[in-house]
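In our numbering, the protein residues as written are 837 to 1206. Virtual Cβ for every residue (Gly too), placed ideally from N, Cα, C. As structure tokens, the structure follows; a few thoughts come after it.
This is the structure we're talking about:
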């Protein structure tokens, strides 16, 4: 009952229809009066109300959340989604919500590894709820911490080692996938038989920023993708420009594909959402090059894709169902491009092998006496 003349404690939230006795605890099995607003963090005493107003809603869950067992997670499945994260509870909740709404890809697993400065993101109520929703829909979920930080490449290597699935989707923690995306990607890599496929992420704030000069880099595969060696400074390297802003959305609109149709196109690399044949990724070296990198690096996804591309080929898939949340990056120390170091090492080894092979075939070579 509203009491307009009652004195309100400083900072109290006015609830005209709720009169809770001092120290009252919310009982979910007790019917609340009509119009009551449930505030589980607000106690009835003035001191508690004042504390609640000052602190605000809790940012960590107080209900138990099973992180999952690494041994139980490492089971044969068609697909696992691997998500490294740091200091991004809100974004991670959105990312997981997109996964929870996927259809046509039953039983895929989700592994999240957190390197946040404070409590892990999965202690946030929104993230915890999405983890529970995924499990409720039949998806194994593994929630882990990986500290101390050793850089993005090591973080991805750690996640890759958690999986034994046929395919692994390396998904950034700030990407929302529209329904049907996983089904389309798995269908594509199965039919194409290449090392990876991916969905470049759309930046919807650039929807009105049409850049036709980038569209010329769109080139479809007319057959199964073949291995390619792509290096900076080549025309092939420029393919990545089609993935900036909302360029891929504009190309998709121009093609006017019928519902359910998709196209495979040539890429140099894709950021944010890449589905690998796990065994081929591991055979190409995975992310084990992290040991040669300082902690402050970026471009580890590019390095891994270039290695797989050279052995097994890869493709972008259009339409893309991946949308970038456009949040500020949490990778603030990025002095080293991982792909530059990895490519330099690979090219050095190639030249050394060529020299060795040439020396062995030299017509004037003398075989040492035994």
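Sequence-distant Cβ neighbours of residue 906 in its own chain, meaning closer than 7 Å and more than five residues away, are 978 and 998. The DSSP-derived three-state label of residue 949 is strand. Of the residues 1037, 1078 and 1030, the one whose Cα lies closest to the Cα of residue 1052 is 1078. Proximity to residue 1123 across 1177, 1104 and 1086 peaks at 1177, based on C-alpha coordinates. For residue 1160, the enclosing beta strand (DSSP E) stretches over residues 1158-1160.
In this structure, DSSP gives residue 1056 an extended state, which the three-state scheme calls strand. Remark: three or more beta-carbon pairs, one from each stretch, lie closer than 8 Å, so the region 984-1000 and the region 945-961 are flagged as touching.
Residue 1021 and residue 1031 have their C-alpha atoms roughly 12 Å apart. The beta carbon of residue 1028 is closer than 7 Å to those of 1060, 1061, 1100 and 1151 in its chain, skipping five residues each way along the sequence. With respect to residue 1142, residue 1093 sits apart: the two C-beta atoms are not nearer than 8 Å.
Between the alpha carbons of residue 1161 and residue 970 lies a gap of roughly 21 Å. In the structure shown, the three-state DSSP call for residue 1100 is strand.
Contact between residue 1125 and residue 989 is confirmed by a C-beta separation of about 6 Å, below the 8 Å threshold. Within the same chain, Cβ atoms closer than 7 Å to the Cβ of residue 1039 are found at 1081, 1082, 1160 and 1162, the five residues on either side in sequence being excluded. Of the other Cβ atoms in all chains shown, 16 or more fall within 10 Å of the Cβ of residue 921; this residue is therefore buried. Selection 1102, 972 and 1085 evaluated against residue 1041 yields 1085 as nearest (Cα-Cα). Ranked by Cα distance from residue 984, the options 930, 932 and 1131 are led by 1131. Taking every protein chain shown into account, the CB of residue 974 has fewer than 16 other CB atoms within 10 angstroms, so this residue is exposed.
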